[in-house]
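Beneath this line is the structure, given in structure tokens, with notes to follow.
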Amino acid sequence: MNAGIAVKDKGEQSMLPNARGYRWAAVLLAFTVLTRLPALVHPRTIDDEGVYAVVALEILDGGKPYVDAIERKPPLLFWTYALILQIGGKYNWIALHSAAVLWTLLTMLGLFVVARQLFDHPTGLSAALLYSSFQSWAVWKNLALNGEILMNLPIVWGVVLTFRASRSRARPELLAAGVLLCCAFLLKQPAAVAAIPLGIYLLLPSYRASRGMGFTRSVLHAMLLTVGFFATLGLVALILHKQGFFAEAYYWTITDHDVPHGPTDAVFWIRGLRTTLGFVGACGLLVTCAALSCKGAFRKNKGLWGSHRPEFAALLGLLIASVIGTSASGRFYPHYFIQLLPPLVLLGAPVLSRLWTLVDHQRPWLLRPRVTQGWLALTVVGFLTSHTIGLAGQRGETAVGRYVRTTSAPDDRIFVWGQHAAVYLDARRRPASRYVTTFPLTGYVFGSPLSWDPTFDTSDRILPDAWENLEGDFRQHAPLYIIDTDASRPVPRYPVSDFPILQRLLNDRYQVVHHTPEGVVYRRLSAPRTDSQPQTEVDSG
């Protein structure tokens, strides 16, 4: 990555794209694909992809998100999934994973453009390399096409347009930047915080000084970004209203995201500390480069960012906002930390580029090229090994899904009791209820380490109308099979016996027909059972 560097005034480095630069880009492309091979060849959905795909498939079958299939993410995520599955084919998970790699490559391209605009070509390549290396950090679940990966793409390209050195003082591209930032929010809620530091950037005195403009012009630029954001938000709200489910979308994406206060709070934050330390340790080189980038940046005309002070302030603000977005829910899932990568990458890229292109014999041994390159190589190999081992245990389809698929017709409906929406995908059957995961019926708390503790009572979080809605859904399209995945646990978290409506339904209209490692399968009887008829168990497997 040290080819074609020419020294500019003030000791800055510049590199125009040349043949060797394009070869490095090709190497980055191959590197990104290679490090994601475990996902590319994985025959099933990965983690959150399962429930998102269930909602997307319901959309493709004529249903509505939040009405016919409930999940708590914003609508653009489901529309994006539906588009991918419509183009790639239903149940084509290789196409979905390929879309995730393409999404990552487009995000890398945006980071490359930002870093090249601010510094030079090798810094752009360093930014792309860092994102490719650390985006799926450590945990195999981070390979999923989750909301964080999706939202990073529009955020990064929003930064591209906001930082763009425009010849026009009007800067109409800021409207598009606002649109992109709103799209990020419509993919995953925490992305909304990215608009704040970028809006403040447009009002900074250093921004006005760097572009030779007055305060009024700066305010107009901030207004353009704001108008682009809220016009897009208003348009999507109008679409949801026209389709008849704006209230439901608002409830599930905004209102239903509280975290219970009480004894679990300390557990959440202890878990958050562990995950944070894990992220810092796994992404040590990236964090180190980002920290070194800040050296001298707060002194005028000092450090790497001396001539880019407003952009440094914006990226530092974006990092702080991303930390808030990562921790706001208190859940601290590992994939939440992917939101931190764009600002960390853009802060760390100029340091990594100079560590690898400038000779400095006074540099500490830990920061010498061969050491940092070896550090990065070991990190990538470690991630790849973790991903390969983790996904290897997830390749086989569920036995319960295979059983249901082979003993039912394509237009039959099923209901899965528990948090296992992927069973619908293995069975290739539509859900009989809007509750594709049953948290509204049980009060299940996402992210809590106590979520699977049978003594942790969540009944106070059951939605008031949830069970009435379930009965209405079943009257509209009764499930041929009900699969109790909770029964597969040594001690069931939410045993059916604790929920009279479901227990009575199973007693009256269903019988056990199959046992699998994933749960117990009940099949609907041709006629209601009478009191004189005992419930017999049939295992046709």
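Quick note on our numbering: the sequence shown kicks off at 37 and runs consecutively.
For each residue, glycine too, the CB sits at the ideal point set by N, CA and C.
Cutoff 6 Å; reference residue i; Cβ partners in own chain excluding five residues on either side
i: residue 538; result: 532
i: residue 212; result: 197
i: residue 469; result: 451, 506, 509
i: residue 411; result: 321
i: residue 299; result: Per-residue confidence for residue 299 stands at a pLDDT of 48, beneath the threshold of 50, marking its modelled position as unreliable; the derived number appears in the next sentence. Excluding residues within five positions, none has a Cβ falling inside 6 Å.
i: residue 47; result: Legend: pLDDT at residue 47 = 40, less than 50; position of this residue unreliable, no value from coordinates given.
i: residue 100; result: 281
i: residue 318; result: 173, 174
i: residue 515; result: 449, 450, 451, 468
Top-ranked residue by Cα proximity to residue i, from the options
i: residue 110; options: 501, 517, 304, 281; result: 281
i: residue 493; options: 211, 320, 530; result: 530
i: residue 86; options: 195, 177, 499, 343; result: 177
i: residue 424; options: 68, 73, 58, 66; result: 73
i: residue 189; options: 417, 292, 523, 149; result: 149
i: residue 328; options: 399, 502, 273, 314; result: 399
i: residue 472; options: 89, 268, 158, 258; result: 89
i: residue 265; options: 293, 194, 200; result: 194
i: residue 56; options: 114, 152, 157; result: 157
i: residue 105; options: 115, 125, 117, 92; result: 92
i: residue 465; options: 499, 519, 488; result: 519
i: residue 62; options: 485, 455, 161, 143; result: 161
i: residue 489; options: 421, 522, 504, 237; result: 522
i: residue 326; options: 436, 420, 167; result: 167
i: residue 107; options: 159, 457, 541; result: 457
i: residue 143; options: 171, 121, 287; result: 171
i: residue 461; options: 474, 446, 475; result: 446
Beta-carbon contacts of residue i that lie in its chain and below 8 Å, excluding the five residues immediately before and after
i: residue 431; result: 78, 79, 80
i: residue 76; result: 69, 130, 133, 134, 137
i: residue 316; result: 323
i: residue 125; result: 131
i: residue 526; result: none
i: residue 401; result: 407
i: residue 314; result: 174, 370
i: residue 270; result: none
i: residue 422; result: 174, 175, 176
Boundaries of the beta strand (DSSP E) in which residue i is found, first to last residue
i: residue 451; result: 449-453
i: residue 555; result: 555-560
i: residue 519; result: 517-520
i: residue 552; result: 546-552
Residue span of the alpha helix (DSSP H) that contains residue i, given as start and end
i: residue 122; result: 111-124
i: residue 409; result: 405-428
i: residue 279; result: It is not in any alpha helix (DSSP H) - residue 279 carries neither H nor E in the DSSP assignment.
i: residue 505; result: 502-512
i: residue 528; result: Neither: residue 528 is in no alpha helix (DSSP H) and is coded neither H nor E.
i: residue 133; result: 129-154
i: residue 433; result: Counting along the chain, residue 433 falls outside any alpha helix (DSSP H), and DSSP gives it neither H nor E.
i: residue 659; result: This structure leaves residue 659 out entirely; the chain is present only between 37 and 577.
i: residue 322; result: 320-329
Beta-carbon proximity list for residue i, same chain, < 7 Å, skipping 5 on both sides
i: residue 561; result: 545, 546, 547
i: residue 504; result: none
i: residue 273; result: 282
i: residue 184; result: 224, 371, 372, 374, 375
CB-CB length for residue i against residue j, believed under 8 Å
i: residue 378; j: residue 192; result: 5 Å
i: residue 556; j: residue 440; result: Their Cβ separation, rounded to whole angstroms, is 12 Å, which puts residue 556 and residue 440 out of contact at 8 Å.
i: residue 64; j: residue 164; result: 5 Å
i: residue 444; j: residue 517; result: 7 Å
i: residue 225; j: residue 289; result: 7 Å
i: residue 249; j: residue 223; result: That pair is no contact at about 32 Å.
i: residue 383; j: residue 351; result: 6 Å
i: residue 435; j: residue 553; result: 6 Å
Residue i CB to nearest heavy atom of the ligand SAH below 7 Å
i: residue 138; result: With respect to small molecules bound, the structure shown includes none, and the ligand SAH cannot be examined in it.
Query raised in the report: Quick check: the stretch 381-395 against the stretch 320-329, are there 3 or more CB pairs under 8 Å?
Result: yes
Query raised in the report: Using 8 Å as the Cβ pair cut-off and three pairs as the minimum, do the stretch 96-107 and the stretch 143-157 touch?
Result: no
Query - Three-pair Cβ contact test at 8 Å for the stretch 345-358 versus the stretch 231-244 - result: yes
**Report entry** Touching by the beta-carbon criterion (3+ pairs, under 8 Å), the stretch 259-269 and the stretch 197-210
**Finding:** yes
Query - Given 8 Å, three or more beta-carbon pairs between the stretch 493-504 and the stretch 473-485 - result: yes
Requested in this report: Check whether the stretch 337-352 touches the stretch 360-370, counting contact only when three or more Cβ pairs, one atom from each stretch, lie closer than 8 Å.
Outcome: no
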